[in-house]
Amino acid sequence: MNPWGLLGEASARTNWEKFLLSKEIPFLAIDRAPIKELKSISLVLIVDNDFRSKYTKKISLFEDHINPDAPIVANLIAASAARLTKYLKRPNRVVGIAICPPLGKYTIEFATTEITEEKMIATALQELKRLELPIETIGDRCGGVFPRTIAMLINEATFALQEGLASAEELDLAMKFGVNYPKGLLEWGDEIGAKFILDVIEGIRTETRDSRYRASPYLIRHAAMNLPLINS
Amino acid sequence: MLTGIIGAGTMGVGIATVAAQSGDTVFVYDTVDTQLKKAIQQLRNNFTKAYEKGKIESIEQALLRCNFVTQLSQLDGCDLIIEAVPEVLEIKIETFEKIEKLIPESTILATNTSSLSINQLANALKNPKRFFGLHFFNPVPLMKLVEVIPSLKSDLSFLPSMIERMKQWNKVPVHTKDSPGFIVNRLARPYYGEALHILSEKIADIPTIDRIMKSAGFKMGPFELMDLIGLDVNFAATQSIYKGFFYDPRFRPHPIQENMVNAGLLGRKTKKGFYNYEEEK
Numbered sequence: 000m001n002p003w004g005l006l007g008e009a010s011a012r013t014n015w016e017k018f019l020l021s022k023e024i025p026f027l028a029i030d031r032a033p034i035k036e037l038k039s040i041s042l043v044l045i046v047d048n049d050f051r052s053k054y055t056k057k058i059s060l061f062e063d064h065i066n067p068d069a070p071i072v073a074n075l076i077a078a079s080a081a082r083l084t085k086y087l088k089r090p091n092r093v094v095g096i097a098i099c100p101p102l103g104k105y106t107i108e109f110a111t112t113e114i115t116e117e118k119m120i121a122t123a124l125q126e127l128k129r130l131e132l133p134i135e136t137i138g139d140r141c142g143g144v145f146p147r148t149i150a151m152l153i154n155e156a157t158f159a160l161q162e163g164l165a166s167a168e169e170l171d172l173a174m175k176f177g178v179n180y181p182k183g184l185l186e187w188g189d190e191i192g193a194k195f196i197l198d199v200i201e202g203i204r205t206e207t208r209d210s211r212y213r214a215s216p217y218l219i220r221h222a223a224m225n226l227p228l229i230n231s
Numbered sequence: 000m001l002t003g004i005i006g007a008g009t010m011g012v013g014i015a016t017v018a019a020q021s022g023d024t025v026f027v028y029d030t031v032d033t034q035l036k037k038a039i040q041q042l043r044n045n046f047t048k049a050y051e052k053g054k055i056e057s058i059e060q061a062l063l064r065c066n067f068v069t070q071l072s073q074l075d076g077c078d079l080i081i082e083a084v085p086e087v088l089e090i091k092i093e094t095f096e097k098i099e100k101l102i103p104e105s106t107i108l109a110t111n112t113s114s115l116s117i118n119q120l121a122n123a124l125k126n127p128k129r130f131f132g133l134h135f136f137n138p139v140p141l142m143k144l145v146e147v148i149p150s151l152k153s154d155l156s157f158l159p160s161m162i163e164r165m166k167q168w169n170k171v172p173v174h175t176k177d178s179p180g181f182i183v184n185r186l187a188r189p190y191y192g193e194a195l196h197i198l199s200e201k202i203a204d205i206p207t208i209d210r211i212m213k214s215a216g217f218k219m220g221p222f223e224l225m226d227l228i229g230l231d232v233n234f235a236a237t238q239s240i241y242k243g244f245f246y247d248p249r250f251r252p253h254p255i256q257e258n259m260v261n262a263g264l265l266g267r268k269t270k271k272g273f274y275n276y277e278e279e280k
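Sequences listed follow chains A and B, in order. For what it's worth, numbering that gives the first Met the number 0 labels the leading residue of the first sequence as 0, then goes sequentially. For what it's worth, numbering that gives the first Met the number 0 labels the leading residue of the second sequence as 0, then goes sequentially.
If you want it as structure tokens, here you go:
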């Protein structure tokens, strides 16, 4: 079984490494592995939410050494896959996925660009099946479907909390008992992580220039300090 | 406890059901005789369901606790009166002006509005201190939440007993401020708004969006839910909150909604909305 190559900052990579271990998928860190091992990679996964991070940009340094048949999977959380293509000599190997933490819980939302090769699409889908999660094909757009929607729901809950509309506990009770949501939105936000929610909203705002995508100061501050949304 | 309900429509009957089930003596007021007859039948149906679920011991005893009246003065002995008349500001104010003259100062008055300002209604009352919003969710016997909303003029010393009363009715009361959409209708806006944007940006089609959201734990997808709620009702709620927040783009309605409403494609109730229900029996 060929390994996946991961590229991204340490904390994002650690989350993916744990998940891949649970699925018995071998992996290596592209910027740490011996160059010759990069030829064995069957799929490259960019794990950073921000494609402009220094780690993600490193993909251009390693591109020539990576197995040429391996698709490069962009992270759609804060940018569309199309925006990663400019770093690559062979941009037609780029696909994208939107997946929300905790990893393993939600559907993989899979996207391709206008120039992605058919062979790369087939290989990427084949490889992603190893994660044993439902896969839905969507358009190449930042935030996908579920991450975008849940991020905006949680953002609104943080606006309400910031205004003192009700307590965190009451805001969560209201959504569970008023519209049967499986979790309160703030509780859900803490499970997903404030930073992730903020990355999605800021990514969509950057790509759409739509002022609808405005994060609450409460969310921005809590993401910056890595604090939970409830009880902090 | 004696509870008065003004208006024998769906919400009024639902509130009467949970009050009577919990042992309150209930007075349901309506001016329309046929509406009261419908209410009696609906209450019987609701109590039958409650009996089958083991929530009440006797359907007849629950019905005996319900009184149907056509004079507002017959509510004068109630310690709590909840208004559930149509969602029109003028109708509600006129109702409160009439009832206020007939009841003692100690009676708590509440409105079941989902979209009107509690402060604006309170301001029309002679004694706004005993006035609150009590926002129930449809269907009332099934949905446990009640938003309890004081106005800026409410006497908050009434709040603990109001909350306790709702708990006795087996509800989950949450105390919130008077703000457009209160908690639920406001916080749920992005569920519909993002779905419409995702659709219009051609990121995914309707069944795919619904499938993805349900796979994440939501009981219904956003389009299924909009069809159930009614696109006109959903659009009106969005417009009301958008206006209430002085056109903050976070709440901006989507042209798809307006087009569907203009075309009379309102969801399940017109057999066609985002999905087609014409084949369903």
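We treat Cβ as the ideally placed atom computed from N, Cα and C, and that holds for glycine.
State buried or exposed for residue i, treating a residue as buried only when at least 16 other CB atoms are found within 10 Å of its CB.
i, result
"Lys-91 of chain B", "buried"
"Tyr-180 of chain A", "buried"
"Leu-62 of chain B", "exposed"
"Glu-93 of chain B", "exposed"
"Lys-143 of chain B", "buried"
"Ala-9 of chain A", "exposed"
"Val-31 of chain B", "exposed"
"Ala-80 of chain A", "buried"
"Arg-208 of chain A", "exposed"
"Pro-254 of chain B", "exposed"
"Pro-70 of chain A", "buried"
"Glu-23 of chain A", "exposed"
"Tyr-246 of chain B", "exposed"
What residue range is occupied by the uninterrupted alpha helix (DSSP H) comprising residue i?
i, result
"Gly-202 of chain A", "193-207"
"Phe-234 of chain B", "230-243"
"Gly-132 of chain B", "That residue, Gly-132 of chain B, is in no alpha helix (DSSP H); its beta strand (DSSP E) goes 130-135."
"Asn-14 of chain A", "9-21"
"Thr-157 of chain A", "145-162"
"Ala-121 of chain A", "117-127"
Note down the Cα distance separating residue i from residue j, rounded to an integer number of angstroms.
i, j, result
"Asn-66 of chain A", "Arg-51 of chain A", "23 Å"
"Ile-114 of chain A", "Leu-218 of chain A", "36 Å"
"Ala-123 of chain B", "Glu-96 of chain B", "8 Å"
"Tyr-274 of chain B", "Glu-193 of chain B", "18 Å"
"Ser-166 of chain A", "Trp-3 of chain A", "44 Å"
"Ile-76 of chain A", "Ser-114 of chain B", "35 Å"
"Leu-20 of chain A", "Tyr-54 of chain A", "22 Å"
"Ile-137 of chain A", "Asn-154 of chain A", "23 Å"
"Ile-48 of chain A", "Leu-152 of chain A", "For clarity, residue 48 of chain A is Asn in the given sequence; the question names Ile instead. Straight-line Cα distance between these residues: approximately 19 Å."
"Ala-32 of chain A", "Gly-103 of chain A", "25 Å"
"Phe-136 of chain B", "Gly-180 of chain B", "13 Å"
"Pro-216 of chain A", "Phe-158 of chain A", "8 Å"
"Gly-263 of chain B", "Gln-41 of chain B", "28 Å"
"Ile-208 of chain B", "Leu-197 of chain A", "22 Å"
"Asn-299 of chain B", "Thr-112 of chain A", "Outside the shown range of chain B, which is 0 to 280, sits residue 299 of chain B, and nothing can be said about it."
"Gln-287 of chain B", "Leu-195 of chain B", "Any question about residue 287 of chain B goes unanswered here, given that chain B covers just 0 to 280."
"Ala-203 of chain B", "Glu-56 of chain B", "50 Å"
"Tyr-276 of chain B", "Asn-184 of chain B", "26 Å"
"Arg-188 of chain B", "Lys-118 of chain A", "40 Å"
"Leu-44 of chain A", "Phe-250 of chain B", "35 Å"
"Val-133 of chain B", "Ala-215 of chain B", "The sequence as given places Leu at residue 133 of chain B; Val does not occur at that position. Rounded to whole angstroms, Leu-133 of chain B to Ala-215 of chain B spans 31 Å at the Cα level."
"Gly-11 of chain B", "Glu-82 of chain B", "8 Å"
My guess is that residue i and residue j are in contact by the Cβ rule of under 8 Å, so how many angstroms apart are they, rounded?
i, j, result
"Pro-140 of chain B", "Thr-16 of chain B", "5 Å"
"Val-147 of chain B", "Ala-173 of chain A", "Val-147 of chain B to Ala-173 of chain A, Cβ: 11 Å. No contact."
"Ile-96 of chain A", "Tyr-105 of chain A", "Contact doesn't hold; Cβ gap of about 11 Å is too wide."
"Asp-29 of chain B", "Gly-53 of chain B", "30 Å between Cβ atoms; not a contact."
"Ile-239 of chain A", "Leu-185 of chain A", "Residue 239 of chain A is absent from the structure shown; chain A starts at 0 and stops at 231."
"Leu-42 of chain A", "Ile-29 of chain A", "Going by Cβ atoms, the distance from Leu-42 of chain A to Ile-29 of chain A rounds to 11 Å, so no, they are not a contact pair."
"Glu-135 of chain A", "Glu-108 of chain A", "6 Å"
"Leu-74 of chain B", "Ile-80 of chain B", "6 Å"
"Lys-128 of chain B", "Ser-153 of chain B", "6 Å"
Taking residue i as part of the beta strand (DSSP E), name the residues at either end of that continuous run.
i, result
"Ile-71 of chain A", "71-74"
"Leu-6 of chain A", "3-6"
"His-174 of chain B", "171-174"
"Gly-3 of chain B", "1-5"
"Ala-109 of chain B", "107-110"
"Tyr-28 of chain B", "24-28"
"Leu-27 of chain A", "26-28"
"Thr-136 of chain A", "134-136"
"Ala-110 of chain A", "107-111"
Which of the residues in the segment 96-114 of chain A, read from start to end, lie with their CB under 7 Å from any CB of chain B? For the segment 96-114 of chain A, which is checked against every Cβ of chain B, the residues closer than 7 Å are Tyr-105, Thr-106, Glu-108.
Taking any Cβ of chain A, which residues in the segment 152-181 of chain B have a Cβ under 7 Å from it, in chain order? Of all residues in the segment 152-181 of chain B, Val-171, Val-173, His-174, Thr-175, Lys-176, Ser-178 have a Cβ within less than 7 Å of some Cβ in chain A.
Relative to chain B, which residues along the segment 160-180 of chain A have a C-beta separation below 9 Å, given in chain order? For the segment 160-180 of chain A, which is checked against every Cβ of chain B, the residues closer than 9 Å are Glu-162, Gly-163, Leu-164, Ala-165, Ser-166, Glu-168, Glu-169, Leu-170, Leu-172, Ala-173, Met-174, Lys-175, Phe-176, Gly-177, Val-178, Asn-179, Tyr-180.
Interfacial residues, the segment 227-256 of chain B to chain A, with Cβ spacing under 7 Å: Taking 7 Å as the Cβ-Cβ cut-off against chain A, the residues of the segment 227-256 of chain B that qualify are Pro-248, Arg-249, Arg-251.
Name, going along the chain, the residues of the segment 113-140 of chain A whose beta-carbon falls closer than 9 Å to a beta-carbon of chain B. Listed by position, the residues of the segment 113-140 of chain A near chain B (Cβ gap below 9 Å) are Pro-133, Glu-135, Thr-136, Ile-137, Gly-138, Asp-139, Arg-140.
Could you please tell me which residues of the segment 95-123 of chain B, in chain order, have their CB closer than 7 Å to any CB of chain A? Residues of the segment 95-123 of chain B with a C-beta less than 7 Å from any C-beta of chain A: none at all.
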